[in-house]
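Visitor: There's a structure below that I have some questions on.
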Amino acid sequence: MELYNLKHPDQTVSFSQAVRQGLGRDRGLFFPSSMPKLDNVDELLAMPFVERSVAILNAWLGDELGEETVAALVRDAFTFDAPLAQVCDRQYCLELFHGPTLAFKDFGARFLARVLSHLAGDESLTILTATSGDTGAAVADAFYGLDNIKVVILYPEGRISPLQEKMFCTLGGNIQTLSVAGSFDDCQSLVKLAFEDEPLKQAIGLNSANSINIARLLAQICYYFEAVAQLPEERRHQAVISVPSGNFGNLTAGLLAKAMGLPVKRFIAATNSNDTVPRYLSSGQWEVRPTVATRSNAMDVSAPNNWPRVEALCQAKGWSLAQLEGVAVSEAECETQLTALHKGGYLSEPHAAVASRALSLSLNPEECGIFLGTAHPAKFKESVDELLGLDLPLPEALAQAAVKPLLSHSLANSFEDLKAKLL
Ligand SMILES: *Cc1c(COP(=O)(O)O)cnc(C)c1O
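First residue of the sequence shown: 11, per the numbering used here; consecutive thereafter.
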């Protein structure tokens, strides 16, 4: 597989190089030079999830890593299901939260961890990543116990839920967590600065694991096929998928699935009040405003770092950006939707509720909507309990983490301080 740097198209790399480097020159994102098109989509849709995922990822990676290796990595990473739950007549939720840390990021993080440990061999590596919530848990869990890989996770102090914090800041071992006095965007900037510091990179074998890493995006393609596979056949060609978006990695993966031949009528880019993309899609103006805190805090991103990939992909496929619908959902609408879903018998959480609300606003009568359930309701217990008047029991994974002490250290919003900690 060959990828090129979106900022410097003359810089091309292999998949292994892209995974190891994270970003190209001038912080450019890597993007596939060509996208494989599957000619047996119907056949694939009839296959079980893991076997189909092996075939999908082999179309990208088989040449470079070997088909047997890819199969082994996929089987080891995808150990849980992604059921499609019918929520009302025309809406389904693809539940991506049945993995070890109860969020969709388990898919990408577990695949990436296995790819990296395969590529690293005997070398020692440092993973540096920023999280607005769920990435931290997914990355920490995916790498925990891999002794040749040290993981450093930055998160915005006081801006993630206490339970989310417990999930990745109580592990210890090869997982180090730093709470930064700043926003998620500040954390992302610190990570980007570290990746620009060549001597630092060399000294600690720096690697990235956030949603800019191409291995995560490729893994995420697989569950879009799973969503369509579970739809009743007569509805497959009317599928509209609403993606609750922050950094837009998830939406990029959905578009890659469509580029490979998955029948999806259209995608909705659903955001909370951090609505840079919906405003851009309607006005053509890219204007980043200060990040605001919402209940769907994993989507509190005002400068989404995967957006250039969405544009590159649409351009490569000759798709107009106008085919993407951007829908920004206010806090009040999110709350109303969560309550309405619950009244209809479906327990959800704020991120999925944003995507569901966007479907309710946008779906035409002949269409069939799928929204992505990106996190388990209990991960956002504070919001869900308060809005629905419940006292949700904690799933086992959360209950165990909740009683452990936090092992995080605080960090000023300063690159020098970060560097000192890393060295
Ligand atoms: C990360 C995350 C999102 C946003 O996904 P992107 O790929 O960054 O757009 C949505 N919901 C939840 C629960 C998340 O953790």
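Heads up, the beta-carbon is just placed ideally off N, CA and C, and yes, glycines get one too.
Using 8 angstroms for Cβ pairs, my map puts Cys179 next to Leu416. What's the rounded Cβ distance?
Guide: Translated into the one-based positions of the sequence shown, residue 179 becomes position 169. Translated into the one-based positions of the sequence shown, residue 416 becomes position 406. Yes, they are in contact, since the Cβ atoms of Cys179 and Leu416 sit about 5 angstroms apart, within 8 angstroms.
Visitor: Note down, in chain order, each residue of its chain lying with its Cβ closer than 6 angstroms to the Cβ of Ala269, except the 5 sequence neighbours on either side.
Guide: Within the sequence shown, numbered from 1, the residue matching residue 269 stands at position 259. Result list for Ala269: Met45 and Lys327, in chain order.
Visitor: Among residues of its own chain, excluding the 5 on either side of Ser306, which ones have a beta-carbon nearer than 6 angstroms to its beta-carbon?
Guide: Position 296 of the sequence shown holds residue 306. Cβ within range, chain order: Asn282, Pro360, His361 and Val364.
Visitor: Answer yes or no: do Ala422 and Ala191 have a C-beta to C-beta separation smaller than 8 angstroms?
Guide: Taking the sequence shown and counting its residues from 1, one reaches residue 422 at position 412. Taking the sequence shown and counting its residues from 1, one reaches residue 191 at position 181. Against a cut-off of 8 angstroms, the Cβ pair of Ala191 and Ala422 comes out as a contact.
Visitor: Please classify Gln240: does DSSP put it in a helix, a strand, or coil?
Guide: Taking the sequence shown and counting its residues from 1, the one referred to as residue 240 is at position 230. Here Gln240 sits in helix by DSSP.
Visitor: When the distance is taken between beta carbons, is Phe258 closer than 8 angstroms to Val298?
Guide: Position 288 of the sequence shown, counting from 1, holds the residue named residue 298. Position 248 of the sequence shown, counting from 1, holds the residue named residue 258. No, these two residues do not count as a Cβ contact at 8 angstroms.
Visitor: Given this structure, state the Cα-to-Cα distance separating Leu173 from Ala411, to the nearest angstrom.
Guide: In the sequence shown, counting from the first residue as 1, residue 173 sits at position 163. In the sequence shown, counting from the first residue as 1, residue 411 sits at position 401. Going by the C-alpha atoms only, they are around 8 angstroms apart.
Visitor: Quick check: the Cα distance between Gly143 and Val302, rounded to an integer number of angstroms?
Guide: Numbered from 1 along the sequence shown, position 133 holds the residue referred to as residue 143. Numbered from 1 along the sequence shown, position 292 holds the residue referred to as residue 302. When rounded, the distance between both Cα atoms is 15 angstroms.
Visitor: In this structure, how does DSSP classify Glu167 when only helix, strand and coil are distinguished?
Guide: Locating residue 167 in the sequence shown gives position 157, where the first residue counts as 1. Note: Glu167 maps to coil in three-state DSSP.
Visitor: Identify, in the order they occur along the chain, each residue of the same chain with its Cβ nearer than 8 angstroms to the Cβ of Pro166, setting aside the five sequence neighbours on each side.
Guide: In the sequence shown, residue 166 corresponds to position 156, counting from 1. For Pro166, where only same-chain residues beyond five positions count, the Cβ hits under 8 angstroms are Ser142, Ser189, Val190, Gly192, Ser193, Phe194, Asp196 and Cys197.
Visitor: Using the rule of at least 16 other Cβ atoms within 10 Å of the residue's Cβ for burial, across every protein chain shown, is Leu331 buried or exposed?
Guide: For the purposes of this step, residue 331 is identified with residue 321 of the sequence shown, where counting begins at 1. The residue is exposed, with fewer than 16 neighbouring Cβ atoms inside 10 Å.
Visitor: Over the uninterrupted beta strand (DSSP E) stretch that includes Asn158, give me the two end residues.
Guide: The residue you call residue 158 lines up with position 148 of the sequence shown. Counting along the chain, Asn158 falls outside any beta strand (DSSP E), and DSSP gives it neither H nor E.
Visitor: Where does Asn15 sit, in a helix, a strand or coil, going by DSSP?
Guide: Translated into positions along the sequence shown, residue 15 becomes position 5. The answer is strand: DSSP assigns Asn15 an E or B state.
Visitor: Ser255: beta carbon under 7 angstroms from a heavy atom of ligand 1?
Guide: Your numbering for residue 255 matches position 245 in the sequence shown. It does: the Cβ of Ser255 is within 7 angstroms (strictly closer) of some heavy atom of ligand 1.
Visitor: With DSSP collapsed to three states, give me the class of His419.
Guide: The sequence position of residue 419 within the sequence shown is 409, counting from 1. Three-state result, His419: strand.
Visitor: List the DSSP bridge partners of Phe381.
Guide: Translated into the one-based positions of the sequence shown, residue 381 becomes position 371. According to the DSSP secondary-structure assignment, Phe381 is paired through a beta bridge with Cys103 and Ser252.
Visitor: Near Val64, what residues of its chain come up, given a Cβ to Cβ distance below 6 angstroms and the 5 sequence neighbours on each side ignored?
Guide: In the sequence shown, counting from the first residue as 1, residue 64 sits at position 54. So the qualifying residues of the chain are Ala81 and Val84.
Visitor: Since Ser218 contacts Gly34 with CB under 8 angstroms, what's their CB separation in whole angstroms?
Guide: Locating residue 218 in the sequence shown gives position 208, where the first residue counts as 1. Locating residue 34 in the sequence shown gives position 24, where the first residue counts as 1. At roughly 12 angstroms, the Cβ-Cβ gap does not stay under 8 angstroms, so Ser218 and Gly34 are not in contact.
Visitor: For the stretch 258-318, which segments carrying the beta strand (DSSP E) assignment without a break, of at least 3 residues, lie completely within its bounds, in sequence order?
Guide: Segments of the beta strand (DSSP E) lying fully in the stretch 258-318: 276-281.
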